[in-house]
Amino acid sequence: MSIWVLRGLRDGVVTTRWPRRPDEYADSWRGPATVSSDAVSSDAVSSDAVVADGAELEWLCPTGAIEVIDRVRVDQGRCILCGRCVAARPDLFAWSEGATAPAAAAVTRQALVVPPEPGAEEAIATARAALAARTAALRRSVHVRHVDAGSDGSEEWEIQALLGPVYDVHRLGVFFTASPRHADVLMVTGAGTVGMSGPLRTTYDGMPDPKVVIAVGTDAVSGGLLSDRLSGVADAVPVDVWVPGSPPSPFAILNALLIATGKLTPGTRR
Amino acid sequence: MTVTSTEPTVAALWETLNSRVTRGMRFAGLFAARRDDGMTLSAHVAAPEGIDTLESPLAPGAVSYPALTPLIGAAFWYERVIHDETGLIPEGHPRLAPLVAPGSPEDHALPRHVAGYGLFTIPHGPVRSGVFESMEYLVETPGEAIPHLNMRIFYKHRGIAARFTGLTVADGTLLAERAEGIASVAHALAYCHAVETIAGCAVPVEAALIRVVHAELERIANHLDVAMRLADAAGLAVATARFALHKERVMRLVGELCGSRFGRGVVVPGGVSAFPRKRPAEILAAIGPLEKEITADAELLMGTSSFLDRLRGTGPLNADRAREHGALGPIGKASGYADDARLARPYDAYPLLRAEPVGEHSAGDAMIRLRVRFEEIAQAFRLIRHALSDFPERTRLTLHSPCDPLDGRATGWAEAPQGEVLYDVTIEGGRIAHCQPRSASFHNLVLMHEVFAGDILTDFPFIEASFGLSVAGAAL
Chain H
5 MSIWVLRGLR DGVVTTRWPR RPDEYADSWR GPATVSSDAV SSDAVSSDAV
55 VADGAELEWL CPTGAIEVID RVRVDQGRCI LCGRCVAARP DLFAWSEGAT
105 APAAAAVTRQ ALVVPPEPGA EEAIATARAA LAARTAALRR SVHVRHVDAG
155 SDGSEEWEIQ ALLGPVYDVH RLGVFFTASP RHADVLMVTG AGTVGMSGPL
205 RTTYDGMPDP KVVIAVGTDA VSGGLLSDRL SGVADAVPVD VWVPGSPPSP
255 FAILNALLIA TGKLTPGTRR
Chain E
56 MTVTSTEPTV AALWETLNSR VTRGMRFAGL FAARRDDGMT LSAHVAAPEG
106 IDTLESPLAP GAVSYPALTP LIGAAFWYER VIHDETGLIP EGHPRLAPLV
156 APGSPEDHAL PRHVAGYGLF TIPHGPVRSG VFESMEYLVE TPGEAIPHLN
206 MRIFYKHRGI AARFTGLTVA DGTLLAERAE GIASVAHALA YCHAVETIAG
256 CAVPVEAALI RVVHAELERI ANHLDVAMRL ADAAGLAVAT ARFALHKERV
306 MRLVGELCGS RFGRGVVVPG GVSAFPRKRP AEILAAIGPL EKEITADAEL
356 LMGTSSFLDR LRGTGPLNAD RAREHGALGP IGKASGYADD ARLARPYDAY
406 PLLRAEPVGE HSAGDAMIRL RVRFEEIAQA FRLIRHALSD FPERTRLTLH
456 SPCDPLDGRA TGWAEAPQGE VLYDVTIEGG RIAHCQPRSA SFHNLVLMHE
506 VFAGDILTDF PFIEASFGLS VAGAAL
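If you want it as structure tokens, here you go:
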């Protein structure tokens with residue numbers, strides 16, 4: 005057994021310092037597709053030529069995340085990161101960068117639609133304030149219960165990674181718990197299958213107040229590729245924080261967890 | 056490669072199927088689907104040269120057919136799915152309880168199969184302790200031993216097979232990658248192999264090599280996940296952290312190569328989407344130290360007696376049952392039944408790379424299953440090194456040949472970390488008319504019913520982890 009102790013020392017400290025220090029891997033990570041900033045600043049997103057191509061642009065996306073009414077919008081909550089729009093129209097679409105960037109988690113469903121509508125800021129600020137007021141008591145020690153509501157299995161891997169040595173959420177006072185009675189945060193993955201709607205609701209009802217729900221992954225946010233029959237988990241439980249991604253990276257999930265519990269404020273960099 | 060033969064009646068179909076299985080071929084699946092003018096039963100058989108499909112139409116308006124399960128036990132779950140999805144009744148099926156679609160509230164009641172004093176049923180799931188996929192185990196126990204185990208996977212049935220219908224060929228790849236998320240590459244490969252067979256297109260050799268690299272990295276990540284869960288079950292904190300670290304490094308490497316930590320978007324019909332973002336020499340430089348550290352930790356783990364005590368003799372699957380059922384992947388190999396698609400029915404660059412089989416085993420317990428996984432990790436590293444050292448210079452930019460199938464049907468396969476994945480794809484007018492995936496997780500999970508000989512409740516996490524299956528892939 006003592007050999008294992010030595011083996012544990014072999015690689016030194018592998019744990020990220022984020023959020024106290026920036027993490028290169030988190031910052032370089034590719035998130036859902038977005039409307040490229042050049043196209044927004046040059047108003048190409050609402051030019052006549054682009055609007056005329058509207059139907060064609062909308063067809064690019066297999067999950068219907070692109071909408072062209074007067075201007076181009078991308079619903080990141082529907083993006084499964086296939087990259088077709090970025091490959092076909094690099095002038096209009098780009099990858100969002102950084103797993104811990106503001107766009108990596110949203111406190112309203114509408115906030116995942118880019119570029120934001122005028123006035124969206126206000127709704128986000130209201131939602132953020134309400135969330136912060138509710139979770140004021142949770143900042144130092146947070147217990148998380150995960151429920152799979154029909155995921156493809158990859159989100160579980162990325163959540164499990166948070167317990168590993170690289171992300172190690174214990175250092176931030178975050179623990180995973182077996183009982184919903186001890187949980188403050190409900191992390192839900194999956195497209196919201198019929199079979200899981202009951203158990204999911206029962207788990208949510210079993211949690212004491214205050215409680216926060218995080219929808220992890222594009223499937224949980226909108227149903228993803230299955231959105232013709234399953235619409236995500238918001239019908240079963242009230243979602244507070246939305247994390248798109250297919251699947252989202254561990255940093256994106258960690259980011260959402262910290263936003264949900266008021267340890268980070270969305271939209272501000274450290 | 057794929058031979059489809061049609062029999063006039065179901066009885067004739069079973070006769071042909073049974074004669075092939077008794078000749079040593081492996082039963083690989085049974086499905087019912089609405090084709091042309093009525094319901095058709097399609098059975099898959101793994102023959103030496105490929106996966107054959109045998110079919111028989113049902114009489115118009117038929118509501119039942121004679122069950123296959125009494126003849127071929129491996130059809131047990133397949134026929135329950137047929138019943139759930141089409142309402143057809145396989146006459147003579149031993150237990151037609153819902154598997155992927157709960158019918159009524161009574162289907163959620165706790166069934167009892169073993170009678171006796173002091174016996175009770177522990178419903179374990181669908182929301183379980185820890186970060187797991189949702190499924191329910193019904194453990195019938197007098198307190199310690201587990202005389203009977205029942206499984207329910209309908210909680211996360213998503214209707215993947217039905218979703219394929221009407222998609223374009225390219226969109227089908229995206230859905231295949233999300234059928235069983237932890238085996239994205241293998242599912243995309245099996246699907247694309249079927250599509251490529253229909254289109255009659257050949258994959259460029261560079262693309263075939265890149266496919267092998269990604270498929271093998273996926274295998275390494277999956278096997279490390281199993282090692283991590285087993286170490287966690289035994290309470291070896293350092294070993295758990297070490298294997299979690301190795302797995303994270305492998306996933307980061309995959310992410311650096313293609314932009315997705317799960318290798319999504321790499322495989323496309325006709326080839327691959329792009330060159331890896333690292334040069335072959337850089338990838339080789341990255342996997343060198345990785346392999347060394349994984350090997351060292353694997354050796355230490357397989358020499359830690361307190362760990363092996365928990366695995367040795369735990370959850371044994373005997374060799375006869377493994378052969379009879381056609382157990383896939385590491386579970387089959389650990390019980391002396393090795394039918395590895397990469398060796399038996401090679402695809403992509405595997406014929407060039409001359410993959411060697413892993414060692415022969417027969418004990419079939421959790422320890423041997425882990426040993427097989429470590430051998431497969433070593434084998435995967437060899438294949439990756441071989442693929443990259445033979446990698447041609449970047450002279451051609453064609454990484455995928457045109458692949459636009461119009462009409463046709465074919466079965467594609469690939470060896471996922473869990474075992475063989477099958478895709479039976481029918482394309483009409485350039486769109487998917489029908490696509491039936493079959494994961495190794497589905498085929499193997501049913502075997503968990505049978506491996507609790509003398510094992511007790513505390514062995515449960517070891518047995519579950521040693522199977523290394525995905526519920527998403529099983530429930531689809």
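Read top to bottom, the protein sequences are chains H and E.
Counting from 5, one number per residue, gives the positions in the first sequence under this note's numbering.
Counting from 56, one number per residue, gives the positions in the second sequence under this note's numbering.
Just so you know, even glycine gets a beta-carbon here, dropped at the ideal spot from N, CA and C.
Source: prediction; values computed, not measured.
- Contacts between residue 160 of chain H and chain E, judged by CB atoms closer than 8 Å, involve 186, 187, 188 in chain order.
- Residue 233 of chain E belongs to the set of residues whose beta carbon lies under 8 Å from a beta carbon in chain H.
- Sequence-ordered contacts of the stretch 189-221 of chain H with chain E read 194, 195, 197, 199, 200, 203, 207 [C-beta pairs closer than 7 Å].
- In this structure, residue 82 of chain E sits away from residue 65 of chain E, with a CB-CB distance that is not shorter than 8 Å.
- Here residue 435 of chain E is not near residue 416 of chain E, since their CB atoms are 8 Å or more apart.
- The three-state reading of DSSP puts residue 33 of chain H in coil, since its state is none of H, G, I, E or B.
- For residue 150 of chain H, the residues of chain E that pass the 7 Å Cβ criterion are 186, in the order they occur in the chain.
- 8 Å or more divides the Cβ of residue 197 of chain H from the Cβ of residue 140 of chain H.
- If you draw a straight line from the Cα of residue 311 of chain E to the Cα of residue 271 of chain E, it comes to about 16 Å.
- If you ignore the 5 residues before and after residue 335 of chain E, its C-beta comes within less than 6 Å of the C-beta of 443, 446, all in its own chain and listed in chain order.
- Taken through DSSP and simplified to helix, strand or coil, residue 86 of chain H comes out as coil.
- Closest option to residue 364 of chain E, judged by alpha-carbon separation, among E/117, E/422, E/71, E/127: E/422.
- For the 8 Å CB-CB criterion, residue 237 of chain H and residue 204 of chain H form a contact.
- Legend: CB atoms of the stretch 219-233 of chain E lying less than 7 Å from CB atoms of chain H belong to residues 226, 229, 230, 233.
- Around residue 303 of chain E, the beta-carbon contacts reaching into chain H at under 9 Å are 18, 165, 168, 169, 170, 171, 254.
- Check the Cα spacing between residue 80 of chain E and each of E/68, E/62, E/105, E/92: the tightest is with E/105.
- Interface with chain E (8 Å Cβ-Cβ cutoff): residue 229 of chain H is included.
- Under DSSP, residue 205 of chain E takes part in a beta bridge, and its partners are E/193.
- Per DSSP, reduced to three states, the secondary structure at residue 69 of chain E is helical.
- Scanning chain E for C-beta atoms nearer than 7 Å to the C-beta of residue 34 of chain H yields 314, reported in chain order.
- Beta-carbon to beta-carbon, residue 514 of chain E and residue 369 of chain E are separated by about 5 Å, close enough to satisfy the 8 Å threshold.
- Using beta-carbon distances, residue 237 of chain E counts as an interface residue toward chain H, with a partner under 8 Å.
- Under the DSSP assignment, residue 161 of chain H falls in the alpha helix (DSSP H) whose first and last residues are 158-165.
- Shortest Cα-Cα distance from residue 486 of chain E to any of E/309, E/202, E/216, E/225 involves E/225.
- Here DSSP, grouped into helix, strand and coil, assigns residue 114 of chain H to helix.
- Closest in alpha carbon position to residue 148 of chain H, among H/96, H/163, H/90, H/135, is H/163.
- When the five nearest sequence neighbours on each side are left out, the beta carbons in the same chain lying within less than 7 Å of the beta carbon of residue 252 of chain H are those of 162, 220, 221, in order along the chain.
- Within chain E, 229, 233 have C-beta atoms less than 8 Å from the C-beta of residue 84 of chain H, given in sequence order.
- Interface annotation, residue 320 of chain E: in contact with chain H, CB-CB separation under 8 Å.
- By the Cβ neighbour-count rule, residue 375 of chain E is exposed, with fewer than 16 other Cβ atoms within 10 Å of its own.
- Under the criterion of beta carbons closer than 8 Å, residue 212 of chain E and residue 192 of chain E do not qualify as touching, at roughly 17 Å.
- With at least 16 other beta carbons inside 10 angstroms of its own, residue 218 of chain E counts as buried.
- Residue 64 of chain H has a beta carbon lying at 8 Å or more from every beta carbon in chain E.
- By DSSP's assignment, residue 107 of chain E forms a beta bridge with E/100.
- Residue 530 of chain E is a Cβ neighbour of residue 155 of chain E, given a cutoff of 8 Å.
- Counting C-beta atoms within 10 angstroms of its own C-beta, residue 17 of chain H has fewer than 16 neighbours from the protein chains shown and is therefore classed as exposed.
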